[in-house]
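Novice: Input: one structure, supplied below.
In structure tokens, the structure reads:
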């Protein structure tokens with residue numbers, strides 16, 4: 092399915108007219124773009140694509156047919172595998188979607204959003220266009236060892252924490268996630284609860300959030316899709332009074348919960364590369380109480396948009412100080428840091444540099460040795 096429409100002349104971040112880039116944006120095919128409910132990768136992908144189109148670039152989005160986009164839409168599957176259990180194995184579905192972009196001619200650059208693994212690595216030497224991928228998880232040492240077989244393949248990191256984990260690979264930029272900040276309402280007078288919003292898993296720290304709420308004596312609302320971990324570990328702790336389960340929520344329901352919370356609890360146990368929900372909370376003016384894992388300190392401005400603690404005991408002791416932070420200041424800082432224009436402009440810089448440096452022949456693509464990063468990493 093393809094949708095075509097007239098586009099304005101492309102402009103650079105300085106307002107200079109430039110040649111429009113022909114860009115393939117390859118999204119995960121787990122769910123639609125944007126997602127009906129949860130899905131941070133899908134949310135950011137939709138924002139990036141619309142920003143590129145608004146700048147006059149020629150964008151084709153490879154995603155599910157249920158997606159809604161201002162770009163051309165190329166759909167290999169009508170629905171996502173999170174919605175259709177017959178789409179198995181899911182890895183093959185993702186590979187088919189990447190292959191659809193590789194098989195088309197005429198792109199200046201192909202950008203893949205790698206949800207679980209960089210599926211496009213195996214295609215990177217076969218594609219006439221440079222293939223860059225943004226990784227959305229923290230890789231393990233064995234994964235890095237495997238991916239190093241394609242050490243010249245360009246990656247975009249979401250944080251300095253993730254870029255360090257990708258040491259030895261070709262990290263061409265560090266570009267944090269961004270938000271459509273206008274879609275996050277500000278509430279200066281929050282409700283009587285704190286919030287946990289994220290996938291139910293051991294790594295997300297939901298049990299630690301429940302423990303913290305109980306110890307401090309505050310009401311906790313949990314919002315996420317029900318799964319096996321919820322049924323086995325979390326549901327026995329839900330009493331619908333102090334610990335309340337709100338289910339999986341839509342964007343409108345999510346922003347209402349975020350703007351009404353006194354604080355977002357983010358006692359993450361794993362080293363995540365970013366943590367979009369923290370930025371979403373801040374955009375609503377809601378401060379964050381988080382544990383020091385992964386890229387948390389890169390997202391939270393200590394003492395301004397939240398606080399980062401070394402232990403759960405310290406988080407419990409410090410939560411009142413988090414809830415006392417100036418919500419207007421929290422929101423203002425989030426609007427400055429997580430502005431979508433900064434993210435889109437940074438990706439255009441990456442695409443432009445990669446397109447200018449792309450190999451001219453198939454043999455050059457096969458033989459080209461790893462080089463230094465093309466761009467300086469973008470700091471906060």
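In this note's numbering, the protein residues as written are 92 to 471.
Where is the CB? At the ideal position from N, CA and C, for every residue including glycine.
Okay, do the region 264–277 and the region 343–357 touch, 3+ Cβ pairs below 8 Å being the bar?
Specialist: At 8 Å Cβ cutoff, the stretches touch.
Novice: Between the beta-carbon of residue 391 and the beta-carbon of residue 369, is there less than 8 Å?
Specialist: In contact: residue 391 and residue 369 (Cβ atoms closer than 8 Å).
Novice: Rounding to the nearest angstrom, what Cα-Cα distance links residue 240 and residue 210 in this structure?
Specialist: Residue 240 and residue 210: Cα-Cα distance of roughly 13 Å.
Novice: Could you tell me whether the Cβ atoms of residue 385 and residue 409 are closer together than 8 Å?
Specialist: no
Novice: Under the DSSP definition of a beta bridge, which residues are partnered with residue 313?
Specialist: 287, 336
Novice: Using three-state DSSP, classify residue 397 as helix, strand or coil.
Specialist: strand
Novice: Which residue from 381, 402, 404 puts its Cα closest to that of residue 393?
Specialist: 381
Novice: Go through its chain and collect everything with a Cβ distance to residue 311's Cβ below 6 Å, but skip five positions before and after it.
Specialist: 285, 304, 334
Novice: Let me know if residue 357 comes out buried or exposed under the rule of 16 or more other beta-carbons within 10 Å of its beta-carbon.
Specialist: buried
Novice: Which one or two residues does DSSP pair with residue 149 in a beta bridge?
Specialist: 113
Novice: Pick out whichever of 245, 236, 228 has its Cα sitting closest to the Cα of residue 214.
Specialist: 245
Novice: Classify residue 275 as helix, strand or coil using the three-state DSSP reduction.
Specialist: Coil at residue 275, not helix or strand.
Novice: Tell me the DSSP secondary structure of residue 468 in three-state form.
Specialist: Because the pLDDT of residue 468 is 38, which lies under 50, any placement of that residue in the model is unreliable, and the question is left without a value.
Novice: For a quick check, are the C-beta atoms of residue 117 and residue 189 less than 8 Å apart?
Specialist: For residue 117 and residue 189, yes; Cβs fall inside 8 Å.
Novice: What is the DSSP secondary structure of residue 375, counted as helix, strand or coil?
Specialist: coil
Novice: Would DSSP call residue 265 helix, strand or coil?
Specialist: strand
Novice: Tell me, please, which residues DSSP counts as bridged to residue 430.
Specialist: 270
Novice: Report the option in 165, 197, 160, 178 whose CA atom is closest to the CA atom of residue 111.
Specialist: For residue 111, the closest of 165, 197, 160, 178 by C-alpha to C-alpha distance is 197.
Novice: Taking only the alpha-carbon atoms, compute the straight-line gap between residue 220 and residue 151 and give it to the nearest angstrom.
Specialist: Take the alpha-carbon of residue 220 and the one of residue 151: they are about 14 Å apart.
Novice: Taking its Cβ as the centre, do 16 or more other Cβ atoms sit within 10 Å of residue 126, making it buried, or is it exposed?
Specialist: Classification of residue 126: buried, given that the 10 Å Cβ count is 16 or more.
Novice: Bridge partners for residue 355 per DSSP, in chain order?
Specialist: According to DSSP, which records beta bridges pairwise, residue 355 is partnered with 286, 379.
Novice: Please list, in chain order, all residues of the same chain as residue 192 whose beta carbon is under 7 Å from its beta carbon, the five residues on each side excluded.
Specialist: Counting only Cβ-Cβ distances below 7 Å, and skipping sequence neighbours, we find 115, 117, 153, 201.
Novice: Using the Cα positions of residue 308 and residue 329, report the straight-line distance between them to the nearest angstrom.
Specialist: 14 Å
Novice: Is residue 163 helix, strand or coil when you go by DSSP?
Specialist: strand
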